[in-house]
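Peer 1: Encoded as structure tokens, here's the structure I'll be asking about.
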Ligand SMILES: Nc1ncnc2c1ncn2[C@@H]1O[C@H](COP(=O)(O)OP(=O)(O)OP(=O)(O)O)[C@@H](O)[C@H]1O
Ligand SMILES: [Mg+2]
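Chains as they are written, first to last, in our numbering: chain A, 27 to 283; chain B, 1157 to 1428.
Structure, rendered in structure tokens:
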């Protein structure tokens, strides 16, 4: 495991640089707000946001909202993954469908599917399930695409090995095709999770149901901008941490299969 | 025919086997009608210039290509598709990158439902056989091309096929490993009385290992000549320096030179 130590060492300087750049940006902003160069009401100084952060923390809603948002996003991504992988598999095995619909799925992946929310508001109602379904819908296209891509890309000789060993078609899938396509499927799930979180927070914001999105909307409605910005930065920070964890999880899963 | 005394029905019988690939750039006749009987326990090498249809022939016999002309019989029964007693080692890199060396070798045993402990023990033995002790838990990406090829060979041997087809399995190996591994493969082949078809580019290797060497013509592949190698086994390194060995090598090279130069000429024609 010398390679980990070797690749871990050069990480430090870039990290320091990154933190320094952020610190410089924050200092600049603070100065600009205090000197009145920017409107301190709509763009409050970082120190004000920091105290706003203290306030929402003490109100006790932040932790709860975060849990609601991420549980919903995770649930949405889990449902979306099952459906997405199934669609990707279908597009892979049924060549005419693959040829006909892959471009559509790609288009859907880049379309703002959030805008479908009024439809589900009508069908499901103004509750958590709408948020969940919208999150799931957002992550299906990238997962389906990446699944198909991964399955299409399995090297023919590996499939021939399976055939030469007389594998059943079920074994051929689970012992060769699926693990061979797994790195690509993981990439799809990571992108899908990103889309799910975007959709979930977006929908929470739009229909004011649960989670961080609703919290930010409420604070904005109260014209409590320091607290609103605190909420937004919190979401960004948590998302960054979240994706870092997902990446680690992916590496760990890939090296242990 | 099936009632004949054991040993007279060939294990493998190819009758007028031929293959044309239909491609958008035109048809490629890869194998011309070819007939051949291989006896139980026989070690046969196929040698011929690049592109003459050797891999195509192996894929037909192994059942991976199913739309060909002619017929292939195993123990007197016509087959199409993969046969459970035929094992194959491929020319291309074919290890599973997500499995460690030992799990690669244990793959066919796992597919057959063998328990973890038993299959790991068997796989360990085979890794030892191909000289990869201590590399059990490495992934293919951490190993050299020759080591990966040895894993692929061990994986196919784990399956204990009665008929073994190998497509240039030693091509990525250095001369010394090639000789040692060749010896080991023959040793297993003799123990299991395995029928083996080896595709190779290496004349000395073909003579060292085989009972018969099949020389193929340049594309489309036909049998140019079949050479019986009448040397006693086990074949020692001393024998390989001997006169008779050299004689076989020279004779095969004579036949092959003509075909190889045809291949070169075509290459030059394509280039100009
Ligand atoms: N799937 C395919 N589609 C079209 N043509 C093919 C296909 N496979 C092989 N060929 C053609 O058939 C001919 C024989 O190919 P083959 O791979 O059997 O040669 P080979 O004797 O194994 O060569 P080498 O020694 O280089 O491995 C070649 O001209 C090749 O271009
Ligand atoms: Mg070949």
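Note that beta-carbon positions come from the ideal geometry of N, C-alpha and C, so glycine has one too.
1) State the DSSP-derived secondary structure class of residue 1270 of chain B, mapped to helix, strand or coil.
2) How about residue 1175 of chain B: is its C-beta nearer than 8 Å to some C-beta of chain A?
3) Note down, in chain order, every chain B residue with its Cβ under 7 Å from the Cβ of residue 277 of chain A.
4) Short of 7 Å in beta carbon distance, which residues of its chain neighbour residue 1313 of chain B, apart from the five on each side in sequence? Order them along the chain.
5) Just checking: is the beta-carbon of residue 1267 of chain B within a distance shorter than 8 Å of some beta-carbon in chain A?
6) So, do the stretch 144 to 164 of chain A and the stretch 1222 to 1234 of chain B have three or more beta carbon pairs nearer to each other than 8 Å?
7) When the distance is taken between beta carbons, is residue 1187 of chain B closer than 8 Å to residue 1377 of chain B?
8) Between residue 143 of chain A and residue 238 of chain A, is the Cβ-Cβ spacing less than 8 Å?
9) Using CA atoms only, rank isn't needed, just tell me which of A:215, A:98, A:192 is closest to residue 1268 of chain B.
10) Could you please go through the chain and list the residues whose beta-carbon is closer than 7 Å to any non-hydrogen atom of ligand 2?
11) Within 8 Å (strictly less), CB to CB, does residue 1161 of chain B reach chain A?
12) Does residue 1214 of chain B get closer than 8 Å to chain A when you measure Cβ to Cβ?
13) Against chain B, which members of the stretch 190 to 215 of chain A pass a CB distance test of less than 8 Å?
14) Between residue 14 of chain A and chain B, is the shortest Cβ-Cβ distance under 8 Å, so that the two count as touching?
15) Residue 226 of chain A and residue 102 of chain A look like a contact to me (Cβ under 8 Å); what is the Cβ gap, rounded to whole Å?
16) Would you say the stretch 267 to 283 of chain A touches the stretch 112 to 122 of chain A, given that touching needs at least three Cβ pairs under 8 Å?
17) Please determine if the stretch 1271 to 1279 of chain B and the stretch 191 to 210 of chain A are in contact, where contact requires at least 3 C-beta pairs separated by less than 8 Å.
18) Would you mind telling me which residues of chain B sit closer than 8 Å to residue 183 of chain A, beta carbon to beta carbon, in chain order?
19) Can you round the beta-carbon distance between residue 1310 of chain B and residue 1341 of chain B to whole angstroms, since I take them to be within the 8 Å contact cut?
20) Using 8 Å as the threshold, is the stretch 196 to 203 of chain A in touch with the stretch 265 to 273 of chain A, meaning 3 or more CB pairs across them?
21) Can residue 1355 of chain B and residue 1241 of chain B be called in contact, C-beta distance under 8 Å?
22) If I measure Cβ to Cβ from residue 1416 of chain B and keep anything under 8 Å in the same chain, skipping five residues before and after, which residues do I get?
23) Anyone know if the C-beta pair for residue 98 of chain A and residue 157 of chain A falls short of 8 Å?
24) Going along chain A in order, which residues have a C-beta closer than 7 Å to the C-beta of residue 1315 of chain B?
25) Where DSSP assigns a beta bridge to residue 1174 of chain B, which residues make up the other side?
26) Which chain A residues sit within Cβ distance under 7 Å of residue 1240 of chain B?
27) Counting C-beta neighbours from all protein chains within 10 Å, is the total for residue 1254 of chain B 16 or more, i.e. buried, or is it exposed?
28) Can you list, in chain order, the residues of its chain whose CB lies under 6 Å from that of residue 185 of chain A, leaving out five sequence neighbours each side?
29) Using a Cβ-Cβ cut-off of 6 Å (strictly less than) and excluding sequence neighbours within five positions of residue 1189 of chain B, which residues of its own chain qualify?
30) If you compare alpha carbons, which of A:170, A:161, A:171, A:205 is closest to residue 180 of chain A?
31) Keeping to the same chain, check which residues put their C-beta closer than 6 Å to that of residue 1422 of chain B; ignore five residues upstream and five downstream.
32) Which residues in chain B sit within 8 Å of residue 97 of chain A, going by Cβ to Cβ distance?
33) By the three-class DSSP mapping on this structure, what secondary structure does residue 1185 of chain B have?
34) If distances are taken between C-alpha atoms only, which option among A:251, A:256, A:261 comes closest to residue 230 of chain A?
35) If you check the beta carbons only, do residue 1323 of chain B and residue 1246 of chain B fall under 8 Å apart?
36) Let me check understanding here. Comparing Cα to Cα, which of B:1219, B:1244, B:1256, B:1252 lies closest to residue 1238 of chain B?
Peer 2: Looking at the coordinates:
1) coil
2) no
3) Residues of chain B passing the Cβ test: none, with the nearest at roughly 13 Å.
4) 1282, 1344
5) yes
6) no
7) yes
8) no
9) A:192
10) B:1210, B:1211, B:1247, B:1323, B:1324, B:1355
11) With a pLDDT of only 45 at residue 1161 of chain B, under the threshold of 50, the placement of this residue in the model should not be trusted, and no figure is reported.
12) no
13) 190, 191, 192, 193, 197, 201, 202, 205, 206, 208
14) Because chain A is modelled from 27 through 283, residue 14 of chain A falls outside the range shown and cannot be assessed.
15) 6 Å
16) no
17) no
18) 1246, 1248, 1249, 1250
19) 10 Å between Cβ atoms; not a contact.
20) no
21) no
22) 1205, 1374
23) yes
24) 191
25) B:1225
26) 192
27) buried
28) none
29) 1172, 1174
30) A:205
31) none
32) None at all; the shortest Cβ gap to chain B is about 31 Å.
33) strand
34) A:261
35) yes
36) B:1219
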